[in-house]
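Working notes, beginning with the structure itself.
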RNA sequence: GGGCGUAUAGCUCAGGUGGUUAGAGCGUUGAGCUGAUAACUCAAAGGUCCCAAGUUCGAGUCUUGGUACGCCCA
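Numbering (this note's numbering), first residue to last: 12 to 1059.
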């Protein structure tokens, strides 16, 4: 198809409304179904060898998207678009995370339920039905938003963690781990609300308002040391603010490195940290007698008599253990350990092999295990316990303690820590293997690999995967309800369930799944029943199952999955090193003994415009939807992806950032397109892309060859960067290219386009087409609009990635042109320094540099750029400059050592000579490689050095009357051009021009009348007085000129 | 308390293996140029390279110890 398709007068405005262009592209994609076509166009290949597998981390959709999702979404779009253009098939299914506490909390709020008991009263079936509706309520908004950001992803064939096939795969994973012996049931200590009768997730205890000041009793208790030791009879002092945990005491802990003392007072001996003795002056005296000193390590293993006798004789219990968390900030430096009621306590006793005791029931009341307090609520029991301690003379001190204490965020009750039965994945068993497999993953930034992620893996703990909740995948374990006939059945598929329970299973959610029961086959009495354990799975187990569960592996797609695991690419923000990245890796290692992904990009956090955390209440960041409509998604994409945030840093999101992306990237690109359509249209130029490319390659014009070589280098650089997932590198390469394209090629080529130069059109069309292709993933909509207009093709995203080999390589030309640009810069600087305006022509510039002949082809270009009549080249630099010595300390330093500093100073002072090729500086003869001889200008009035000492530029600054007159004529041209603009004329309109000028200005115009008329498309030129409101300007120094034009 | 990261111009960041005078973009100021541009070109102002000690002929760069900030763990 011929191009341009767009009429330049209408379709390609000089100042586009970018959001409108984007909407046009989005509409086209919808109607054309371009996304589907982009996937179809690429073969999967044998065993999917040609597929690129990208894992989309499922967002939780019970809230609206924010900038973090936006950023991740852009990356999740860019990489697949690139891989598609490279010829790979990239399926992109959207996923929804639907289970877990966030969903339950939202649902509770919506239903006005306040506790677990209320949910059960309301009905688990109705509650879960409400949760199912709730979690998907924002999906429409997500679709809108993701679509608007030009992210191509399949919402039709999405997956949800609540889908039956997904849940079946999760069940398979559980069973597989169970069969490998990697799942066990055990105790874990959690913050627990005795009123709601539920443990709280860590996040729930970190919410606002949960920590409040509270006054608790604080007791110091003496525990008598027993056994065959000189310390026998002394009392170990322990301090606690939870006296109700003392009946459950199973150990005491000291810090191995802390100094402990035994002090004697009133016939009693007490053992405590030396640093805490002063704090007990009231009971022990001001300076009690120290009868022994021990490091913590020397106390380990000592036996003592517990505060109560309920659990005397438990295996390994009631001894002194070591714990690093013990401090001497408060208390006695010896810590009372009740493993069921303290997370840290349990870590210590687990290490010592001591089984916890839990004499407290679900509602926070003591059980029959501790008869005196049975039935009492733990907080109410504090008083009785303290009283009993006093009675047995174990109580040394009783006072109160004010501290920040967590409360239930739902009901406000003070929480307790309590051990609960829970299911675990034995991560510690394959921790080392996880560390090994991590070596196969490429991380960006690279320090994540052995830093944040590697360290986290090395310290991995067993993973509690059960939740005592309602809305989630069930733990697929059925147990006998009679301990006399124990049996455990674990299920890994719907088929197994249906086989054992004889019903069709269409939903695995509670409460339906709980209704599946059957007689215990191992029970000859036939009375006991197999019932499902009550817990549901941690929703992270489901997120980690995503690679296989989304394809219903192993029940379907087993072959496909085998060939597509690990996935190629994954991107999320840093916190996911402990979240999704980690759990994918845990399950991948445990189930498949492979990593789950090959490449991971970890990005940093987006901050508000003020550099603080984004805050809804502060509104310290631009509104997402407004930004879409103000700047467009491509500009936002560019700003976010070109930023340090993709290299792991934090970055503020500002409107200024979006605006800069528009001004520096999107508009310049658009303007090249506009410029092209304007002049190609005016010249009636049309050529198909292949024709244009052939013509471009045939062009001998240096600017054309330069641009094509630059374009080739662009393709090479961007390809390498994208292959390395270095999106930031790709953006910076494109940005640099755009600079050469707009501010050099187009600017230097205006006259040629004005003249309708076809080689120029062909070259610009070819470069622009290639640039659009190379930038298509980074600016998907603006490049689509331009590319389609330019080529008449269907979509840039269906195009193949450009091949650098299709363009000529000419690095020498690129380098020569860069030198020319340097020369131009220096020339303009010289004019400025000498106050010689650029419109004033000068007679000559001389370029003195080595191999000057290579620059001769650029003489015309330099004449025009510097506005001089002639450009001379001279390789004899010495005629214009003198030698300048530069030392190379890197080489000189090692030889001279200390003397090098003296030589450096001598050279700076000018104390050096060159004789017969021998350089002597500061009395030291220099050897080859220790110095460089370069040049500096001799005649400072007319000469400037080129960068890097490569030569000099000599400017003839003499202004003859002829040159002055020509300068004035050009000044007048400028005023007439402005008058044309002010009259809103089209670039091709012919005019009659009237100039109001006198004296030498008028004389200059008359002398150069043909030039003035030619430049301004004036068929007639006359002189007359013009009113002050006519377009005015300055000619030469301070003389006013006016001009007016009339369209002919 | 521990781990990881960061600290260079007003802002955002570059600165292999140590090497003379630390750079870029944006922003500010001035001038120039302009019938594609919301631009562009040339320049100016703007730096105790977080601090301290050390290694070295020489440290933004290497070592050690601090400080501040961010993230995470406890």
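We treat Cβ as the ideally placed atom computed from N, Cα and C, and that holds for glycine.
Comparing alpha-carbon positions, the option among 862, 591, 139, 307 lying closest to residue 336 turns out to be 307.
Approximately 13 Å separates the beta-carbon atoms of residue 957 and residue 966; this is outside 8 Å, ruling out the contact. Approximately 6 Å separates the beta-carbon atoms of residue 983 and residue 1023; this is inside 8 Å, confirming the contact. Per DSSP, residue 556 lies in no beta strand (DSSP E) and is assigned neither H nor E. Residue pairing by DSSP places residue 432 opposite 198 in a beta bridge.
Counting the other CB atoms within 10 Å of its CB gives residue 443 a total below 16, which places it among the exposed residues.
For residue 241, the secondary structure class from DSSP, reduced to helix, strand or coil, is coil. Remark: C-beta atoms of residue 706 and residue 698 approach each other more closely than 8 Å. Contact between the stretch 133-141 and the stretch 73-88 is absent, with fewer than three C-beta pairs closer than 8 Å. Residue 430 is positioned such that its CB atom lies no closer than 8 Å to that of residue 494.
Classified as exposed, residue 846 has fewer than 16 neighbouring CB atoms from the shown chains inside 10 Å of its CB. In the structure shown, the three-state DSSP call for residue 512 is helix.
Bounds of the beta strand (DSSP E) holding residue 276 are 270-276. Out of 870, 844, 619, 979, the CA that lies nearest to the CA of residue 662 is found in 619.
When only Cα atoms are considered, residue 86 and residue 582 end up about 7 Å apart. When the beta-carbon positions are compared, residue 644 and residue 160 come within less than 8 Å of each other. Taking C-alpha positions only, residue 538 is separated from residue 491 by approximately 10 Å. Of the residues assessed, residue 838 falls on the buried side of the cut-off, its CB having 16 or more other CB atoms within 10 angstroms. Inter-residue distance for residue 795 and residue 149 is about 30 Å (C-alpha atoms, whole angstroms). For the options 646, 704, 908, the alpha carbon positioned closest to that of residue 787 is the one of 646.
If you draw a 10 Å sphere on the C-beta of residue 932, you find 16 or more other C-beta atoms in it, and that means buried. Between the stretch 712-725 and the stretch 807-827 there are three or more inter-stretch CB-CB distances shorter than 8 Å, so the stretches are counted as touching. The residue from 262, 657, 266 with its alpha-carbon nearest to that of residue 324 is 262. Its chain contains 61, 62, 100 as the residues whose beta carbon lies nearer than 7 Å to that of residue 55, once the 5 sequence neighbours on both sides are disregarded; these appear in chain order.
The residue among 601, 934, 873, 862 with its C-alpha nearest the C-alpha of residue 835 is 873.
Burial of residue 773 is indicated by the presence of at least 16 other C-beta atoms within 10 angstroms of its C-beta. For residue 170, the enclosing beta strand (DSSP E) has its first and last residue at 165-171. In the three-state scheme derived from DSSP, where H, G and I count as helix and E and B as strand, residue 321 is classed as coil. A straight-line Cα-Cα distance of about 7 Å links residue 40 and residue 46. Within 10 angstroms of the beta-carbon of residue 119 lie 16 or more other beta-carbons, which makes it buried.
Exclusion of the five residues before and after residue 566 leaves 176, 179, 180, 183, 504 as the residues of its chain whose Cβ lies within less than 8 Å of its Cβ. Along the stretch 630-655, the alpha helix (DSSP H) occurs as fully enclosed runs of 4 or more residues at 635-641, 644-652, listed in sequence order.
Only buried fits residue 1007, as 16 or more other CB atoms lie within 10 angstroms of its CB. In the structure shown, residue 369 falls within a coil segment according to DSSP collapsed to helix, strand and coil. Taking a 10 Å sphere around the C-beta of residue 978, we find 16 or more other C-beta atoms and assign the residue as buried. Between the beta-carbon of residue 813 and that of residue 784 there is about 5 Å, and that keeps the pair under the 8 Å contact cut.
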